[in-house]
Amino acid sequence: MEIITKNAQETHDAGFTVGSSLKGSEVIFLKGELGAGKTTFVQGLSEGLGIEHTITSPTFILMRSYSLPEKKDRTAKTLYHVDLYRLEHDVDREAQNLGIFDLWTKPESVFVIEWADRLNTLPSGILEVSLEVIDIDTRKITITP
Ligand SMILES: Nc1ncnc2c1ncn2[C@@H]1O[C@H](COP(=O)(O)OP(=O)(O)O)[C@@H](O)[C@H]1O
Ligand SMILES: [Mg+2]
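Position one of the sequence shown corresponds to residue 451 (the working numbering), numbered consecutively onward.
Following this line, the structure appears as structure tokens:
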């Protein structure tokens, strides 16, 4: 699926729609250059999951987790927001140390991972969200299951 967004709010709204549909065990890889709108999308996604406070980019701490409110037909209890931008070497070992490989794909978890293309270890059933900068305010978002 492809969406063109004309401002940050529209990217936020696209994230909200995806977040509202998540049940648990999803792993979402976010791709796109710096400033493409990955964190904006995740902020919308987290609101769609029912998280009330604004999430910030975890660039300097690699991973943040957020408790999710209970929702009917949803097994997910925690959103994990990971940003691998700062990591260049031994990315898989760092991810292992953070517990990512033990936590992802569990019914209790939803993972969103910025700069996930730095990982060599991939789970099955990734949802890929790719953001492409068209011009200063325009983005092309491609969502691939
Ligand atoms: N259509 C758009 N979608 C998302 N962000 C946009 C858009 N147009 C402008 N922006 C701006 O681009 C920046 C995206 O930043 P951010 O979400 O932190 O990107 P990333 O996490 O990919 O580095 C924000 O300053 C936002 O206001
Ligand atoms: Mg970011």
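From the three backbone atoms N, C-alpha and C, an ideal C-beta is built for every residue, glycine too.
What you are looking at is a predicted structure, and each value in this text was computed from that prediction instead of being measured.
Considering Cα atoms alone, identify which of the options is closest to residue i.
| i | options | result |
| --- | --- | --- |
| V537 | I591, K556, S559 and A566 | Sequence check: residue 537 is Leu here, not Val. Nearest of I591, K556, S559 and A566 to L537, Cα basis: A566. |
| R514 | E476, P557 and V562 | V562 |
| E578 | D540, K473 and G482 | G482 |
| P557 | Y530, Q546 and D540 | Y530 |
| L499 | L472, A486, L484 and D523 | L472 |
| S496 | I511, G469 and K488 | G469 |
| F466 | A486, T504 and L484 | T504 |
| I593 | G575, I586, D587 and D585 | G575 |
| Y516 | K522, D523, T528 and T506 | T528 |
| L572 | T506, D552 and L581 | D552 |
| T525 | D587, P595, S475 and S580 | S475 |
| F479 | L518, Y535, I511 and D523 | Y535 |
What does the Cβ neighbour count give for residue i, buried or exposed, with the cut at 16 atoms within 10 Å?
| i | result |
| --- | --- |
| D533 | buried |
| I550 | buried |
| E502 | exposed |
| E452 | exposed |
| I559 | What sits at residue 559 in the sequence shown is Ser, not Ile. With 16 or more Cβ atoms within 10 Å of its Cβ, S559 is classed as buried. |
| G494 | buried |
| R589 | buried |
| K462 | With the sequence shown as reference, residue 462 is identified as His, and Lys is not the correct amino acid for it. So H462 ends up on the buried side. |
| I584 | exposed |
| I591 | buried |
| E520 | exposed |
| L484 | exposed |
- Message: Which complete alpha helix (DSSP H) runs does the stretch 535 to 563 hold, if anything under 4 residues is left out?
- Response: Counting only runs of 4 or more, we get 541 to 548 and 550 to 553.
- Query: Whole alpha helix (DSSP H) runs in the stretch 465 to 544 with 4 or more residues, listed along the chain?
  - Reply: Qualifying alpha helix (DSSP H) stretches, in chain order: 488 to 498.
- the stretch 475 to 490 / the stretch 457 to 464 touching (three or more Cβ pairs under 8 Å): Segments in contact, yes.
- Query: Which residues are close to ligand 2, meaning CB closer than 5 Å to any heavy atom, in chain order?
  - Reply: Result (chain order): K488, T489 and S507.
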